[in-house]
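Everything below concerns the one structure shown next.
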Amino acid sequence: MAVGQRAGKKRQVSVTVNQAGVVMTSPTAGLNLSDSVYERLLRERIIFLGTQVDDDIANKICAQILLLSAEDASKDIKLYINSPGGSVTAGMAIYDTMQFAECDIATFGMGLAASMGQFLLTAGTKGKRHALPHARIMMHQPSAGIGGSAADIAIMAEQFAHTKRELNELQALHTGKSVEQVTIDADRDRWFTAKQALEYGFIDHVIGHANQANGAGN
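Note that the sequence shown covers residues 1011 to 1228 in the numbering used here.
Written out as structure tokens, the structure reads:
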């Protein structure tokens, strides 16, 4: 993680996102088209989650959040989400980093925000959680493949129950619903339009244009 200057003249830092992770480069380093797009987004404090959530993408996003927060804790980070979900542990790493960061994390759901994608959308800073008009949001309980010896199955079942309870409690915290209500609603796949997600408490705004976003000027 690199920390930019926080007082006086700011140092321009070029960040390249590639398969190796987040790499600090010089401003004149060569970039291909894909890298230059992500570099420009990061310069605008925009992070894009557009894949399944796994350890690799979680490490990249956590590094990006920490970097941008260290560079300027007074400005929002904008996290755009179009994801079917994925690993709970990887998603929780992103969640904890979002809560750990000093700056606000504004979230934007677009396309599909399902499972862990929905959870991260809802985990944004209160008042700064958005969905585009035609986004679809889906909540459900975590799933796990359990196998092995009877003792292993018992241990894994206990861990799964703990994870499910923890996620339901956090969903309740961020939506304002009761844990009991979230537990019932998440028992099966439950789909929401952007408007329904707003009513449920997953998001705070449905927006059709960037200038409608809360804190758009940050």
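Beta carbons: idealized from backbone N, C-alpha and C, even for Gly.
Small disclaimer: the values here were computed from a predicted structure and weren't measured.
Reference residue i; option with closest CA among the options
{"i": "Ala-1068", "options": "Gly-1095, Asp-1086, Val-1047 and Arg-1053", "result": "Gly-1095"}
{"i": "Gly-1119", "options": "Gln-1109, Leu-1130 and Arg-1053", "result": "Leu-1130"}
{"i": "Ala-1080", "options": "Ser-1097, Asp-1066 and Met-1108", "result": "Met-1108"}
{"i": "Met-1126", "options": "Ala-1103, His-1172 and Ser-1159", "result": "Ala-1103"}
{"i": "Ala-1171", "options": "Val-1098, Asp-1066, Tyr-1105 and Ala-1133", "result": "Val-1098"}
{"i": "Asp-1114", "options": "Thr-1173, Gln-1151, Leu-1078 and Leu-1177", "result": "Leu-1078"}
{"i": "Pro-1152", "options": "Asp-1197, Glu-1112 and Asp-1106", "result": "Asp-1197"}
{"i": "Arg-1053", "options": "Asn-1224, Lys-1085, Thr-1173 and His-1150", "result": "Lys-1085"}
{"i": "Gln-1191", "options": "Ser-1159, Met-1149, Cys-1072 and Arg-1055", "result": "Met-1149"}
{"i": "Asp-1199", "options": "Arg-1175, Leu-1051 and Ile-1147", "result": "Ile-1147"}
{"i": "Gly-1101", "options": "Ile-1071, Glu-1112, Leu-1122 and Gly-1121", "result": "Ile-1071"}
{"i": "Thr-1135", "options": "Tyr-1105, Leu-1122, Asp-1195 and Asp-1064", "result": "Tyr-1105"}
Heavy atom of the ligand ADP within 7 Å of residue i beta-carbon
{"i": "Gly-1127", "result": "As presented, the structure is devoid of all ligands, the ligand ADP included, so that no description of it is given."}
Three-state class that DSSP yields for residue i in the structure shown
{"i": "Arg-1200", "result": "strand"}
{"i": "Lys-1088", "result": "strand"}
{"i": "Ser-1079", "result": "helix"}
{"i": "Arg-1055", "result": "coil"}
{"i": "Ile-1147", "result": "strand"}
{"i": "Asn-1215", "result": "Residue identity check: residue 1215 is His in the sequence provided, not Asn. Strand."}
{"i": "Ser-1046", "result": "helix"}
{"i": "Lys-1174", "result": "helix"}
{"i": "Gly-1134", "result": "coil"}
{"i": "Asn-1224", "result": "coil"}
{"i": "Gly-1186", "result": "coil"}
{"i": "Arg-1021", "result": "Residue placement at Arg-1021 cannot be trusted, given a pLDDT of 41 that sits under 50; what the coordinates show is reported in the next sentence. Arg-1021 falls in the coil class under three-state DSSP."}
{"i": "Glu-1112", "result": "coil"}
Bridge-paired residues (DSSP) for residue i
{"i": "Arg-1139", "result": "Thr-1117"}
{"i": "Gly-1096", "result": "Val-1063"}
{"i": "Ala-1123", "result": "Ser-1093 and Ile-1147"}
Buried or exposed by the 16-neighbour rule on C-beta atoms within 10 Å, applied to residue i
{"i": "Phe-1110", "result": "exposed"}
{"i": "Val-1047", "result": "exposed"}
{"i": "Ile-1075", "result": "buried"}
{"i": "Gln-1222", "result": "exposed"}
{"i": "Ala-1083", "result": "exposed"}
{"i": "Gly-1137", "result": "exposed"}
{"i": "His-1144", "result": "exposed"}
{"i": "Ser-1093", "result": "buried"}
{"i": "Ala-1167", "result": "exposed"}
{"i": "Gln-1169", "result": "exposed"}
{"i": "Arg-1139", "result": "buried"}
{"i": "Arg-1050", "result": "exposed"}
{"i": "Arg-1175", "result": "exposed"}
{"i": "Ser-1036", "result": "Confidence in Ser-1036 is poor, its pLDDT being 35 and thus under 50, which makes the residue's placement too unreliable to answer from."}
{"i": "Ala-1116", "result": "buried"}
Tell me, please, whether the segment 1158-1172 touches the segment 1216-1226 by the rule of three or more beta-carbon pairs shorter than 8 Å. no
For the pair the segment 1183-1197 and the segment 1205-1212, tell me if three or more CB-CB distances fall below 8 Å. yes
Evaluate the contact criterion for the segment 1199-1206 versus the segment 1171-1185: three or more CB pairs, one atom per stretch, below 8 Å. no
Does the segment 1074-1092 come into contact with the segment 1047-1065, if we say contact requires no fewer than three beta-carbon pairs (one atom in each stretch) closer than 8 Å? yes
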